[in-house]
Amino acid sequence: MTDDCNPASEFQDVDRAALIQAISERTGVTHVDKATWACFWLADIHRLRRIVENLGRDPRKSNTIKHAISNGHAVTALWTYTGRRREPRPAADSTPQAAQRNENGRTPTPTSRGPVTPTKRRASLMTSSQIDGATDQSPVKKEDMNVREWRNLSVHDVGASILPRSQSQTHSEKLQCIKRDREMCVVTRASEPVAAVTIFPPSLGSTKGGSPETLTDFWDFLKLLWGYEAVKQWMSLASPADTKCQTCSNLVTMSSHVEQLWRRGRFALKPIKLSPDRKTLEARFFWLPKCKYSAEVPLTTAPVLPGSILEGPGHTKLFDCLTGHAIPSGTGAKGIITFRTSDPDTLPLPSIELLELQWLFNRIVALSGLVN
């Protein structure tokens, strides 16, 4: 299976497995929640190597890293990304055996470690610069907004009520997107009902006034596993002030049921080839499994993502309305989704950088099981 047809070549990487094993051994963290687990197995391998190197140079950093990866911040990050209204609350195991497990490096459940106040959250989350010993970031200013209220907002609520009207996706931009996509769903090629939907939530972008607590945690956790420079670029791409985020570069046309499957991490689109004239972009369609969330999974156990399958969870299928063929996952020409534009300047294709972010996060969402 080529990399283009493989939904998770990272999981077969022996170097990645060895680095995660080393991090587990040196920090004493053996079990984590499924969101953190998925993030580690899809993290930038250079960041994993940097963490191991820092642990080798200064063993005292083990507690810092342990706090950063075992306090449920990946859960907060993914719930922010998906725009869900509540966080999972698994029942606390109050037995002495459970207490011993927590002392030995397993992740305590949210209910067993007590309420996480904004102060505790900031104290326990260690950024990549703190772990690396760098000082290239200044603390992000907090806005006077109740964290609980922010967490309870959906992505669409944020777009409508928090962002200035001038920065919201406008009606004309959505019409441009639908025109570019020839008034058809980009996945099924159905002509109705369709709508222009965002690739990456612009509400997750940085703002000049600083970010509310949950968004700060979202980006800080990502810096640990993907690095400051990469996350800085992502924040810029997702920013409401970024031109790509405010044009059809961050929009695709989808039928409502296709969008719902996409938002829930039931499938992802892997960008594979952009034409030199920027008029054609190919992405490969992959069904993703419906996983069950758990507060404790072995950090060193590699995830599994199926490659070539014909249907999604619950026998869900999507069909190409022009050919009548079911859209397969992973292999063959039928699994290629092609974006086209007649004018790359006035009707730009979807941003390949934003599609790559979607490819990363949808796989993490699926593996974590949070939306279930």
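Just so you know, the sequence shown maps onto residues 1 to 372 in the UniProt record's numbering.
Yeah, the Cβ is synthetic: ideal placement off N, Cα and C, and Gly gets one too.
Lys292 has its alpha-carbon roughly 7 Å from the corresponding atom of Leu370. With contact defined as three or more Cβ pairs closer than 8 Å, the stretch 300 to 315 and the stretch 6 to 17 are in contact.
Listed as beta-bridge partners of Thr338 by DSSP are Glu282. The Cβ-Cβ distance between Pro348 and Cys185 does not fall below 8 Å.
When DSSP states are grouped into helix, strand and coil, Pro313 belongs to the helix group.
Judged by DSSP secondary structure, Lys174 falls within the alpha helix (DSSP H) whose first and last residues are His171 to Arg180.
Looking at the DSSP output, Lys273 sits in a beta bridge with Glu282. Inter-segment contact for the stretch 51 to 64 and the stretch 16 to 36 is present: three or more beta-carbon pairs are separated by less than 8 Å. For Ser368, no beta strand (DSSP E) encloses it; the enclosing alpha helix (DSSP H) starts and ends at Ile352 to Ser368. Note that the C-beta distance between Ile364 and Phe285 is not below 8 Å. Taking C-beta atoms as the reference points, Lys290 and Pro313 count as a pair closer than 8 Å.
In the three-state scheme derived from DSSP, where H, G and I count as helix and E and B as strand, His31 is classed as strand.
The residue from His171, Ser329, His31 and Ala196 with its alpha-carbon nearest to that of Ser255 is Ala196. Phe319 is bridged by DSSP to Ala326. With fewer than 16 other beta carbons inside 10 angstroms of its own, His46 counts as exposed. For the pair Ala190 and Leu299, the Cα-to-Cα distance works out to about 42 Å. In this structure, the beta-carbon distance from Arg266 to Leu288 falls below 8 Å. Here Ser255 carries a strand assignment [DSSP, helix/strand/coil]. For Thr198, the beta-bridge partners assigned by DSSP are Leu251. Annotated three-state conformation of Ala17 is helix, per DSSP. Pairing Leu251 with His73, the inter-Cα distance amounts to about 28 Å. Under the Cβ criterion (8 Å, minimum of three pairs), the stretch 35 to 45 counts as touching the stretch 215 to 231. Excluding the 5 residues flanking it on each side, Arg340 has same chain C-beta neighbours closer than 7 Å at Lys279 and Thr280, in chain order. Distance from the CA atom of Leu355 to the CA atom of Leu261, rounded to whole angstroms, is 16 Å. When C-alpha distances from Ala68 are compared across Gly28, Asp15, Arg182 and Arg57, the shortest belongs to Gly28. The residue among Arg182, Asp15, Pro201 and Lys270 with its C-alpha nearest the C-alpha of Glu192 is Arg182. Of Leu237, Cys177 and Ser172, the smallest CA-CA separation from Phe200 is found for Leu237.
DSSP places Ala302 outside both helix and strand once states are collapsed to three, so it counts as coil. When secondary structure is reduced to three states using DSSP, Val187 falls in the coil class, being assigned neither helix nor strand.
Taking all protein chains in view, the Cβ of Lys61 is crowded by 16 or more other Cβ atoms within 10 Å, so the residue is classified as buried. Distance from the CA atom of Pro271 to the CA atom of Glu353, rounded to whole angstroms, is 9 Å. Under the DSSP assignment, Arg47 falls in the alpha helix (DSSP H) whose first and last residues are Ile45 to Arg57. Partner residues in the beta bridge of Trp287, as assigned by DSSP, are Phe267.
Taking 8 Å as the cut-off, the beta carbon of Pro328 is found no closer than this to the beta carbon of Leu357. As the crow flies, the alpha-carbon of His315 is around 48 Å from that of Gly56. Assignment of Val297 by DSSP, reduced to helix, strand and coil, places it in the strand class.
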